[in-house]
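Under this note's numbering, the letters of the sequence shown match residues 89 to 220, in that order.
For reference, the structure discussed in these notes is given below.
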Amino acid sequence: MLTGLYITLRFGHFISLMLAFGCVLYGAWWAPVPLRRVLMLRFYPLLRPLLLIGAISTLALYLLQGGIMGEGWTDVWRPAVWQAVAGTHFGGVWIWQILLAWIALAVVWIRPVTAPASWWPCWRHSCCFPPG
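Here's what the structure looks like:
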């Protein structure tokens, strides 16, 4: 049961992160220049829930991994097991992943939805919007 939940949660985690990455990649870099601002304004409401799912699932995956490495469901909720997992190479990398997921969520959550065009430095330069 614990392993099945881990696999399902991992699937949801990767789907949410791939969707968020795709929105940012296409909306900010690959789209034609005149459409970038419009696409990012349309994609932006998706980023908050996607990154929230990503941040929560990152933390939940870490806790479930502790249960898988330990004795089962009782070890999922034990801080001593969390510290033991954090002491491994896997756990050290996972702690960085948790921190980066929550930082990304904070960045997306703090930025207002209707930011002026001058908010992104690229939008102020003529290289992004050629004259005429």
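Quick reminder that beta carbons are idealized off the backbone N, C-alpha and C, glycines included.
Practice problem: Please look up how many angstroms separate the CB atoms of residue 147 and residue 186, rounded, as I've assumed it's under 8 Å. | Solution: Indeed they touch by this definition, with Cβ atoms about 6 Å apart.
Quiz item: When burial is assigned at 16 or more other CB atoms within 10 Å of the CB, is residue 92 buried or exposed?
Solution: Exposed, by the Cβ-count rule.
Self-check item: Contacts around residue 189, its chain only, beta-carbon distance under 7 Å, and the 5 residues preceding and following it disregarded
Solution: The answer, listed in chain order, is 142, 143 and 146.
Practice problem: Check the C-beta distance from residue 106 over to residue 116 and give it rounded, since I have them as a contact under 8 Å. | Solution: Not confirmed; about 16 Å, so no contact.
Quiz item: With a Cβ-Cβ cutoff of 8 Å, do residue 164 and residue 152 count as a contact?
Solution: Less than 8 Å divides the Cβ of residue 164 from the Cβ of residue 152.
Self-check item: Closest Cα partner of residue 176 within the set 194, 157 and 162
Solution: For the residues 194, 157 and 162, the minimum Cα distance to residue 176 belongs to 157.
Quiz item: Grouping DSSP H, G and I as helix and E and B as strand, with all else coil, what is residue 165?
Solution: Assignment of residue 165 by DSSP, reduced to helix, strand and coil, places it in the coil class.
Quiz prompt | residue 113 to residue 124 span [Cα, whole Å] | solution = If I take the Cα positions, the gap works out to 10 Å.
Self-check item: Continuous alpha helix (DSSP H) stretch holding residue 132: start and end
Solution: Annotation: the continuous alpha helix (DSSP H) that includes residue 132 extends over 121-157.
Self-check item: Span separating the alpha-carbon of residue 162 from that of residue 90
Solution: C-alpha separation (whole angstroms): 11 Å.
Quiz item: To which residues of the same chain is residue 160 closer than 7 Å at the C-beta, ignoring the five residues directly before and after it?
Solution: Excluding residues up to 5 positions away in sequence, 90 lie with their Cβ nearer than 7 Å to the Cβ of residue 160 in the same chain.
Quiz item: Buried or exposed: residue 108, going by 16 or more other Cβ atoms within 10 Å of its Cβ?
Solution: Counting Cβ neighbours within 10 Å, residue 108 comes out buried, since at least 16 surround it.
Exercise. Locate the alpha helix (DSSP H) running through residue 94, then write down its first and last residues.
Key: Residue 94 -> alpha helix (DSSP H) spans 90-113.
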